[in-house]
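Engineer: This structure is in structure tokens; I'll ask about it shortly.
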């Protein structure tokens, strides 16, 4: 829900808090296979991100020393982060007279990477705000808030689906494209019992885990946009890897939400 994301912050996984304090030398990749190595790389890059967030422009040597990494290891991670658009490299500003040789290169976070670092902070603010609404207005007030947050999203998706026709499955494909443009990484597919809409990213997953009204409001929007009854089978907010919405082959005029609490 894009508008709710404005309150909760764009979801993404931020760096591990306190990484600099707990830094330790990089260990060799586990023998179990590439998945363990990839997880270790991600953890190290989270620690690099945390240091850059705390220190600002920093040289590769300074980062390697703080994390206990060899020059080759820290440069491998920085090269990957440069390729992913998470860091920028620039010459270090030198005050006063400059000695011989080229200035040292420093690394800084990009705006996109810096924006992801505050995710959980804004999630906490959004959750606190919804708790306040719930205490003072009850569940009806939370439902009204959730419906208002997805209203603009519904309008934008409806405009993007103008040429989709009336077939629910064709509309689901058009909706997947519209949702992907909104940051949901969505796709639609045809299955034996109808269709399936999958969303691989949820901007408000942490908040919706406590307030399922956000998921329910989104499900209602999907139903209206597709033009048929839908069933929400799984949600990221309740621990599933993907938000999955089933679109039955025969239409009805109701919305059903199937919760997947663990």
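In the numbering used here, the protein residues as written are 1362 to 1623.
Note that beta-carbon positions come from the ideal geometry of N, C-alpha and C, so glycine has one too.
Predicted model, so just to flag it, every value in this text is computed and none were measured.
Can you tell me whether residue 1606 is buried or exposed? The criterion is at least 16 other CB atoms within 10 Å of its CB, across all chains shown.
Structural biologist: Around the beta carbon of residue 1606, a 10 Å sphere encloses 16 or more other beta carbons of the protein chains shown; the residue is thus reported as buried.
Engineer: Between residue 1557 and residue 1546, how many whole angstroms is the CB-CB distance? I'm expecting something under 8 Å.
Structural biologist: Not a contact, Cβ separation roughly 15 Å.
Engineer: Less than 8 Å between the beta carbons of residue 1536 and residue 1518, yes or no?
Structural biologist: Result yes, Cβ atoms of residue 1536 and residue 1518 sit closer than 8 Å.
Engineer: What residue range is occupied by the uninterrupted beta strand (DSSP E) comprising residue 1417?
Structural biologist: Per DSSP, residue 1417 belongs to no beta strand (DSSP E) and is neither H nor E.
Engineer: State the start and end residues of the unbroken beta strand (DSSP E) segment that holds residue 1555.
Structural biologist: 1555-1560
Engineer: If we ignore side chains and look at the alpha-carbon of each, how far apart do residue 1604 and residue 1592 end up?
Structural biologist: Straight-line spacing of the CA atoms in residue 1604 and residue 1592 works out to 11 Å.
Engineer: Counting along the chain, where does the alpha helix (DSSP H) carrying residue 1574 start and finish?
Structural biologist: 1574-1587
Engineer: Using C-beta distances below 7 Å, list every residue in its chain close to residue 1527, excluding the 5 sequence neighbours before and after it, in chain order.
Structural biologist: Excluding residues within five positions, the ones whose Cβ falls inside 7 Å are 1588.
Engineer: With three or more C-beta pairs closer than 8 Å as the rule, is the segment 1484-1495 touching the segment 1563-1574?
Structural biologist: yes
Engineer: Which residues does DSSP list as the beta-bridge partners of residue 1452?
Structural biologist: 1466
Engineer: For residue 1416, which option in 1470, 1581, 1550, 1502 has the closest C-alpha, if you only look at C-alpha atoms?
Structural biologist: The shortest CA-to-CA distance from residue 1416 to any of 1470, 1581, 1550, 1502 is the one to 1470.
Engineer: Is it right to say residue 1608 is buried, meaning 16 or more other beta carbons lie within 10 angstroms of its own, or is it exposed?
Structural biologist: buried
Engineer: Compute the distance between the beta-carbons of residue 1574 and residue 1467, then report whether it is under 8 Å.
Structural biologist: no
Engineer: Measuring alpha carbon to alpha carbon, tell me which of 1522, 1510, 1404 ends up nearest residue 1428.
Structural biologist: 1404
Engineer: Can you give me the C-alpha to C-alpha distance between residue 1408 and residue 1451, rounded to a whole angstrom?
Structural biologist: 20 Å
Engineer: Taking its Cβ as the centre, do 16 or more other Cβ atoms sit within 10 Å of residue 1392, making it buried, or is it exposed?
Structural biologist: Unreliable placement is indicated for residue 1392, whose pLDDT of 46 sits below 50; no coordinate value is reported for it.
Engineer: Less than 8 Å between the beta carbons of residue 1418 and residue 1435, yes or no?
Structural biologist: Not in contact: residue 1418 and residue 1435 (Cβ atoms no closer than 8 Å).
Engineer: Assign residue 1602 to one of three DSSP states: helix, strand, or coil.
Structural biologist: The DSSP-derived three-state label of residue 1602 is coil.
Engineer: How far does the beta strand (DSSP E) with residue 1471 in it extend, from its first residue to its last?
Structural biologist: Counting along the chain, residue 1471 falls outside any beta strand (DSSP E), and DSSP gives it neither H nor E.
Engineer: Check whether the Cβ of residue 1487 lies closer than 7 Å to any heavy atom of the ligand GTP, and answer yes or no.
Structural biologist: Ligands in the displayed structure: none, and consequently the ligand GTP is not present.
Engineer: Assess, as a yes-or-no matter, whether the segment 1495-1514 is touched by the segment 1436-1445 under the definition of 3 or more beta carbon pairs within less than 8 Å.
Structural biologist: no
Engineer: Consult DSSP for residue 1550 and reduce its assignment to one of helix, strand or coil.
Structural biologist: Residue 1550: strand per DSSP, three-state reduction.
Engineer: Using 8 Å for Cβ pairs, my map puts residue 1531 next to residue 1525. What's the rounded Cβ distance?
Structural biologist: 5 Å
Engineer: Go to residue 1594, then tell me how far its beta strand (DSSP E) extends in each direction, as first and last residue.
Structural biologist: 1592-1595
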